[in-house]
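K.L.:
As they're listed, the protein sequences go chains R, Y and C. Reminder that position 172 of the first sequence reads as 172 in the working numbering, one-by-one numbering, no gaps. So the number in the working numbering is just where the residue sits in the second sequence, counting from 1, plus 388. So the number in the working numbering is just where the residue sits in the third sequence, counting from 1, plus 485. Glycine is no exception: its CB is placed at the ideal position from the N, C-alpha and C atoms.
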Amino acid sequence: MGKRVGMEVAIASAEAAALCRFDVAAVYPITPQSHVAEHLSDIVADGRVDASFITVESEHSALSAAMGSEATGARTVTATSSQGLLYMSEVLPITSAMRLPIVMLIANRAVSGPINIWNDHSDIMPMRDTGWISFFADNGQEVVDMTIQAFKVGEDRRVMLPVNVNMDGFQLTHMVEPIIMPDQEEVDHFLPAYVPYAALHPDNIVSMGTLGMPEIYAEAQKAKDVALVNSIKVVREVWKEWEAQFGRKYEPIQTYRTEDAEIALVTMGSMGETAEIAVDELRKQGVKAGLLKIKLWRPFPFDDLKKVVKGIKVLAVTDRACSFGGPGGPVFSEIRSALYDTPKRPKIVNYLIGLGGRDVQVENFMDMVRRAAKGKLSEPYEFYGVRG
Amino acid sequence: MTEKKWPETWQEVNPGCMVFRPGSAKEYHTGSWRAKRPIWDNAKCIKCGVCYIYCPEGCVTENADGFFEANLDYCKGCGICAHECWPVAIKMVNEEE
Amino acid sequence: MLEIRWHGRGGQGAVTSVELLALSAIEEEKYAQGFPSFGPERRGAPVTAFNRVDDKQIKIRSGIYHPDVVVVLDESLVGLVDVAEGLKPTGILLVNTTKTLAELKKNIRFEGRIATCDGTGIAWKELGVPITNTTMLGALVKLTGAVKLESLDSPLKERFGRIAPKNQAAAKRAYEEVRIISQGSK
Chain R
1 MGKRVGMEVA
11 IASAEAAALC
21 RFDVAAVYPI
31 TPQSHVAEHL
41 SDIVADGRVD
51 ASFITVESEH
61 SALSAAMGSE
71 ATGARTVTAT
81 SSQGLLYMSE
91 VLPITSAMRL
101 PIVMLIANRA
111 VSGPINIWND
121 HSDIMPMRDT
131 GWISFFADNG
141 QEVVDMTIQA
151 FKVGEDRRVM
161 LPVNVNMDGF
171 QLTHMVEPII
181 MPDQEEVDHF
191 LPAYVPYAAL
201 HPDNIVSMGT
211 LGMPEIYAEA
221 QKAKDVALVN
231 SIKVVREVWK
241 EWEAQFGRKY
251 EPIQTYRTED
261 AEIALVTMGS
271 MGETAEIAVD
281 ELRKQGVKAG
291 LLKIKLWRPF
301 PFDDLKKVVK
311 GIKVLAVTDR
321 ACSFGGPGGP
331 VFSEIRSALY
341 DTPKRPKIVN
351 YLIGLGGRDV
361 QVENFMDMVR
371 RAAKGKLSEP
381 YEFYGVRG
Chain Y
389 MTEKKWPETW
399 QEVNPGCMVF
409 RPGSAKEYHT
419 GSWRAKRPIW
429 DNAKCIKCGV
439 CYIYCPEGCV
449 TENADGFFEA
459 NLDYCKGCGI
469 CAHECWPVAI
479 KMVNEEE
Chain C
486 MLEIRWHGRG
496 GQGAVTSVEL
506 LALSAIEEEK
516 YAQGFPSFGP
526 ERRGAPVTAF
536 NRVDDKQIKI
546 RSGIYHPDVV
556 VVLDESLVGL
566 VDVAEGLKPT
576 GILLVNTTKT
586 LAELKKNIRF
596 EGRIATCDGT
606 GIAWKELGVP
616 ITNTTMLGAL
626 VKLTGAVKLE
636 SLDSPLKERF
646 GRIAPKNQAA
656 AKRAYEEVRI
666 ISQGSK
């Protein structure tokens, strides 16, 4: 039976990985992920998990080493943030192409420049094309649950893809809050030992990380895309199993008071909880407001999106990153694109919020809803609250 | 030379493009790239084995008499063996036809 | 919901205080948050840390701008930093000091309740070091009733092991000795 404890979320994420009995951790520290790296190394040093900790000299080496270890059949975990994620970015598409189900914990942090160590999503957004499954956690409980779910989803023989679990840097990582930590038996029951599709071993004949000529590369890419698209079935299955065993429900897009909503906010990550309060306040004032919280970013939940926006007239999509010179925030542009062919679709506006750790309060969300209610902003996408 | 069957359908590509057949590179006869081939003059050869060591393809082998020859299925004609041969026993000649 | 801001200097354990308070509340089946001011810190630099405590789930994740209580672990911060900024008029300012109200009022513009406790003195006596974070926790608990004093025991034991009893003693003394020196103007 799980135990309700108070724990710093970064520590809890490492504890969750420990419950999954990882074999190898290859991690390089970077603020605000550092507590994850430190605690994973403590766990290994204390012998709490029968594992190796590879002290690499950079994030690029961290993911490269993680790939090497996963390729031998070892359940491997890594973690990073921001510049670290960008530094290892050349390895990300290779990990998914080689179908290695590594789990990466990302403490989302703004990307330089200027240098900023605080929370936003500009680190993970450039990675959305790399073929990884992406979960976004709203709170400490979800961080723990999603870490465990990530191993199960990624290692499923129908998936075989790496998974990243996104938690807001500082906002979640450095927050002590109540979390129900599952116990070892529960996790052992939920997550079986890793049986790899293929593993590098002197007794096994396999070449991994091969060359792909123009004659074969396109087929390989299609195969990877199909795997990622189809993985949503497994995600749903795993989330159903989770709910049955642990009693906590997960959906690709969680709705809050959208049954009769005319205008809805869309969030991803921990700001969603603050947004819930804004929705409550707006409702008290007679505004038919609702909220959509995206938990599964990749594969993109197209069917879920089309279902949950039915009847909504205006969507105020919040993004914590900007695709410079492009169509605005990534979440906004993907939602717009996803709904393009839907005949009855809401007006969609975009606010870029919480950049570089800028605090977003209940009043801000309420203001966004009130202004979005007109269905159009003065600009295609708005840097919310930016002076000038 | 064994013909490679491609493009295979995307469904047939192994996950991760993994290759489970060992030594499949052997089927690729790079000898067809050759413009010149090495010819050994065994009268000059001192059987030192330097040509065998230096061949980047690893296709020079020692025969039953202790002399050396290149496997023409793989020899690309780079000329390194001829360049390194001390007694100048190897000559690079143009590929016929 | 109770919102608390702590002022300290890096190395004085303000972050530990908020952790201990959060853990104690969670022990009591309450909901709590404990978090530092996010950013790099160094020994001696002024830092702030925050708590939220509530009987129901805390959804809000933005910063605390209008705390109900402010705790100042280091009196040298009074005057250096506006420790009462945003403090609700109905709130309490708790300062680790032996100064009088008149002396404090020179550097504080706050018309609400002010409480003091000789945290440093108690810490020197009970702990042998002038680290006042656990001491002032006792004073805070007395003033707010955020948690029961006994609820600090288990987190203190987890955190401090062998020297937990000394910290418990320090907290208990502060609990008993904290005084409200100004009821504030209405």
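Which residue wins for smallest C-alpha separation from A71/R, given the options S81/R, G47/R, S96/R?
P.N.:
Numbered from 1 along the first sequence, position 71 holds the residue referred to as residue 71/R. If we check each option's Cα against that of A71/R, S96/R comes out closest.
K.L.:
Among residues of its own chain, excluding the 5 on either side of V238/R, which ones have a beta-carbon nearer than 6 Å to its beta-carbon?
P.N.:
Taking the first sequence and counting its residues from 1, one reaches residue 238/R at position 238. Excluding sequence neighbours, V238/R sits near Q149, K152, V153.
K.L.:
Using 10 angstroms around the beta-carbon of I441/Y, count the other beta-carbons present and answer buried if the total reaches 16, otherwise exposed.
P.N.:
Working through the second sequence from its first residue, we reach residue 441/Y at position 53. Counting Cβ neighbours within 10 Å, I441/Y comes out exposed, since fewer than 16 surround it.
K.L.:
If you run the structure through DSSP and keep just helix, strand and coil, what is A26/R?
P.N.:
On the first sequence, residue 26/R is found 26 positions in, with the first residue counted as 1. Residue state, collapsed to three classes: strand.
K.L.:
Could you work out which residues of chain C lie near E273/R, taking near to mean beta carbons separated by less than 8 Å?
P.N.:
Residue mapping note: residue 273/R aligns to position 273 of the first sequence, counting from 1. Simply K544, I545, R546.
K.L.:
Check the DSSP bridge columns for T583/C and list the partner residues they point to.
P.N.:
Locating residue 583/C in the third sequence gives position 98, where the first residue counts as 1. Beta-bridge pairing links T583/C to no other residue.
K.L.:
Expressed to the nearest angstrom, what Euclidean distance is found between the alpha-carbon atoms of S333/R and W297/R?
P.N.:
Your numbering for residue 333/R matches position 333 in the first sequence. Your numbering for residue 297/R matches position 297 in the first sequence. Going from the Cα of S333/R to the Cα of W297/R covers about 13 Å.
K.L.:
Which same chain residues end up closer than 8 Å to K366/Y when comparing Cβ atoms and leaving out the 5 residues on each side of it in sequence?
P.N.:
Residue 366/Y lies beyond the stretch modelled for chain Y, which goes from 389 to 485, so this question has no answer here.
K.L.:
Pairs of beta-carbons, one from the stretch 283-297 of chain R and one from the stretch 252-270 of chain R, closer than 8 Å: are there three or more?
P.N.:
Yes, they touch.
K.L.:
Straight-line CA distance for F300/R to V229/R?
P.N.:
For this step, residue 300/R is matched to residue 300 along the first sequence. For this step, residue 229/R is matched to residue 229 along the first sequence. If you take the alpha carbons of F300/R and V229/R, they lie about 8 Å apart.
K.L.:
Tell me the residue span of the alpha helix (DSSP H) that contains M146/R.
P.N.:
As a first step, residue 146/R must be located in the first sequence, where it is residue number 146. Taken as a continuous stretch (DSSP letters only), the alpha helix (DSSP H) holding M146/R covers 140-155.
K.L.:
Which whole-angstrom value describes the C-beta separation of W118/R and F535/C, a residue pair presumed to lie in contact below a C-beta threshold of 8 Å?
P.N.:
Residue 118/R sits at position 118 when you count from the first residue of the first sequence. Residue 535/C sits at position 50 when you count from the first residue of the third sequence. Not really, about 16 Å apart at Cβ, beyond 8 Å.
K.L.:
Please state the DSSP three-state secondary structure of Y194/R.
P.N.:
Against the first sequence, residue 194/R aligns to sequence position 194. In this structure, Y194/R counts as coil in the three-state DSSP scheme.
K.L.:
Is G269/R closer than 8 Å to N116/R when the C-beta atoms are compared?
P.N.:
Numbered from its first residue, the first sequence carries residue 116/R at position 116. Numbered from its first residue, the first sequence carries residue 269/R at position 269. Not closer than 8 Å, so no.
K.L.:
Is the CB of P178/R under 8 Å away from at least one CB in chain C?
P.N.:
In the first sequence, counting from the first residue as 1, residue 178/R sits at position 178. Yes, because at least one Cβ of chain C sits closer than 8 Å to the Cβ of P178/R.
K.L.:
When DSSP labels each residue in this structure, what does R425/Y get in the three-state scheme?
P.N.:
Here residue 425/Y refers to the residue found at position 37 of the second sequence. Residue state, collapsed to three classes: strand.
K.L.:
Determine the direct distance from the alpha carbon of V563/C to that of K657/C, and round the result to whole angstroms.
P.N.:
By 1-based counting over the third sequence, the position of residue 657/C is 172. By 1-based counting over the third sequence, the position of residue 563/C is 78. The straight-line gap from Cα to Cα measures roughly 25 Å.
K.L.:
Is it right to say I543/C is buried, meaning 16 or more other beta carbons lie within 10 angstroms of its own, or is it exposed?
P.N.:
Mapped onto the third sequence, residue 543/C falls at position 58. I543/C is buried by the Cβ-count criterion.
K.L.:
For Y516/C, return the contacting residues in chain A, with the cut-off set at a CB-CB distance below 7 Å.
P.N.:
The displayed structure is made up of protein chains R, Y and C, and chain A is not among them.
K.L.:
Fully enclosed by the stretch 23-64 of chain R, which alpha helix (DSSP H) runs are 4 residues long or longer?
P.N.:
Counting whole runs of 4 or more residues, the stretch 23-64 of chain R contains the alpha helix (DSSP H) stretches 34-45.
K.L.:
Just checking my contact of A223/R with V401/Y at CB under 8 Å: how many whole Å lie between their CB atoms?
P.N.:
Against the first sequence, residue 223/R aligns to sequence position 223. Against the second sequence, residue 401/Y aligns to sequence position 13. Yes, A223/R and V401/Y are in contact; Cβ-Cβ is about 5 Å, under 8 Å.
K.L.:
When the Cα atoms are used, what is the spatial distance from A25/R to M104/R?
P.N.:
What you label residue 25/R is simply residue 25 of the first sequence in a count that begins at 1. What you label residue 104/R is simply residue 104 of the first sequence in a count that begins at 1. Cα-Cα distance, rounded: 10 Å.
K.L.:
Assuming the contact rule is C-beta atoms closer than 8 Å, L377/R and R370/R should be a hit. Round their C-beta distance to whole Å, please.
P.N.:
Looking up residue 377/R in the first sequence gives position 377. Looking up residue 370/R in the first sequence gives position 370. Not confirmed; about 12 Å, so no contact.
K.L.:
Which residues bound the beta strand (DSSP E) around K347/R?
P.N.:
Here residue 347/R corresponds to residue number 347 of the first sequence, with the count starting at 1. Residues 347-352.
K.L.:
Would you check if the distance between the CB atom of M621/C and the CB atom of D539/C is smaller than 8 Å?
P.N.:
Taking the third sequence and counting its residues from 1, the one referred to as residue 621/C is at position 136. Taking the third sequence and counting its residues from 1, the one referred to as residue 539/C is at position 54. No.
K.L.:
Would you kindly work out how many angstroms separate the C-alpha atoms of V663/C and C602/C, rounded to a whole number?
P.N.:
Taking the third sequence and counting its residues from 1, the one referred to as residue 663/C is at position 178. Taking the third sequence and counting its residues from 1, the one referred to as residue 602/C is at position 117. C-alpha separation (whole angstroms): 5 Å.
K.L.:
In the DSSP assignment, find the beta strand (DSSP E) that holds C602/C and state where it starts and stops.
P.N.:
Within the third sequence, the letter at position 117 stands for residue 602/C. From DSSP, the beta strand (DSSP E) with C602/C extends over 598-602.
K.L.:
Determine the direct distance from the alpha carbon of L355/R to that of T390/Y, and round the result to whole angstroms.
P.N.:
Against the second sequence, residue 390/Y aligns to sequence position 2. Against the first sequence, residue 355/R aligns to sequence position 355. Since pLDDT at T390/Y reaches only 46, below the 50 mark, its modelled position is unreliable, and the value read off the structure follows with that caveat. Taking the straight line from one Cα to the other gives about 58 Å.
K.L.:
Which chain C residues sit within Cβ distance under 8 Å of D359/R?
P.N.:
What you label residue 359/R is simply residue 359 of the first sequence in a count that begins at 1. Those are S547, G548, listed as they occur along chain C.
K.L.:
Closer than 8 Å, CB to CB, is S207/R near chain Y or not?
P.N.:
Along the first sequence, read from residue 1 onward, the residue named residue 207/R stands at position 207. It does: the Cβ of S207/R has a partner Cβ on chain Y nearer than 8 Å.
K.L.:
Just the chain Y side, please: which residues come within less than 8 Å of G212/R by C-beta, in chain order?
P.N.:
As a working note, residue 212/R is residue 212 in the first sequence. Correct list: C405.
K.L.:
Please list the residues of the stretch 214-229 of chain R that have a C-beta atom closer than 7 Å to any C-beta atom in chain Y, keeping them in chain order.
P.N.:
Against chain Y - using a Cβ distance shorter than 7 Å - the residues of the stretch 214-229 of chain R are E215, I216, E219, A220, K222, A223.
K.L.:
Along the chain, where does the beta strand (DSSP E) that runs through V629/C open and close?
P.N.:
Locating residue 629/C in the third sequence gives position 144, where the first residue counts as 1. It should be pointed out that residue 629/C corresponds to Thr in this sequence rather than to Val. Careful: T629/C lies outside any beta strand (DSSP E), inside the alpha helix (DSSP H) at 618-629.
K.L.:
I'd like to confirm the pairing. Which residues does DSSP put opposite Y516/C in its beta bridges?
P.N.:
Your numbering for residue 516/C matches position 31 in the third sequence. For Y516/C, which the question treats as bridged, DSSP gives the partners D539/C.
K.L.:
Could you spell out the range, first to last residue, of the alpha helix (DSSP H) harbouring P93/R?
P.N.:
The residue you call residue 93/R lines up with position 93 of the first sequence. That run of the alpha helix (DSSP H) goes 92-97.
K.L.:
Kindly indicate the opening and closing residues of the alpha helix (DSSP H) around V229/R.
P.N.:
The residue you call residue 229/R lines up with position 229 of the first sequence. Start and end: 214-246.
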